[in-house]
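Residues 69 to 218 (my numbering) are what the sequence shown spells out, left to right.
The beta-carbon is built from N, C-alpha and C at its ideal position, and this holds for glycine as well.
Remarks on the structure that follows.
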Amino acid sequence: MKVTLFFIFILSGFKLSAQEKTIKKPAYVIIANDKIITMKEVEDYGKENYIKAMNKGVSEEVRNELAKKFGDKIGDKEFVIIIDLYTEKEHAERLAKISSALADTNLKNKPIDEFKLKVGDNAKDFETVLIDGKNLNFSDLKPRVILLNF
């Protein structure tokens, strides 16, 4: 009985110590313009609209080429992010295109007045002939509520 209790305490001790160990998460390696950059630099590029594309994960061949170039800083192929950036010329063209598109949308967003009549406008005075031959002016009907059906 003592031996059984002794083994139970030892096994529970191993389980408790195994739960206290922290596992280091693999870090992403971010590559832009053939150099390793930090996440802060990625955020700066994003704010300035320089990012063209981001590819998370690379093939084994590309990973091996990057490992030759950068050494042991490159981890597994799943943890490599390659960022394509716009050149200065492409960035300037893109900003010009965006600013012209914004100007066009500002013109399109203005409300177009399609109707000649507005709510609360007074109707113009007109004269009409009824079926029985009487002439009727609109001004004669002013104090009454009427329905005009055209």
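- In the pairwise beta carbon analysis, the region 146 to 159 is classified as touching the region 90 to 102: at least three pairs are separated by under 8 Å.
- Contact annotation: residue 96 and residue 159 have beta-carbon atoms that are not nearer than 8 Å.
- A distance below 8 Å between beta-carbons, with the five flanking residues on each side excluded, links residue 163 to the following residues of its chain, in chain order: 117.
- Scanning its chain for C-beta atoms nearer than 8 Å, with the 5 sequence neighbours on each side dropped, one finds around residue 204 the residues 195, 196, 197, 198, in chain order.
- Going by beta carbons, residue 94 and residue 139 fall outside the 8 Å limit.
- Annotation: the region 87 to 145 contains the following complete segments of the beta strand (DSSP E) (minimum length 3 residues), in chain order: 97 to 100, 103 to 105, 119 to 124.
- Residue 148 counts as buried, since at least 16 other C-beta atoms from the protein chains shown sit within 10 angstroms of its C-beta.
- Here residue 206 has 191, 193, 194 as same chain residues with Cβ atoms under 7 Å from its own Cβ, once five neighbours each way along the sequence are excluded.
- Across the structure, residue 131 and residue 104 are spaced so that their CA atoms are roughly 14 Å apart.
- Here the C-alpha atom of residue 211 lies approximately 23 Å from the C-alpha atom of residue 200.
- Selection 111, 146, 115 evaluated against residue 127 yields 146 as nearest (Cα-Cα).
- For residue 197, the enclosing beta strand (DSSP E) starts and ends at 195 to 197.
- For residue 152, the uninterrupted beta strand (DSSP E) run begins and ends at 148 to 153, by DSSP.
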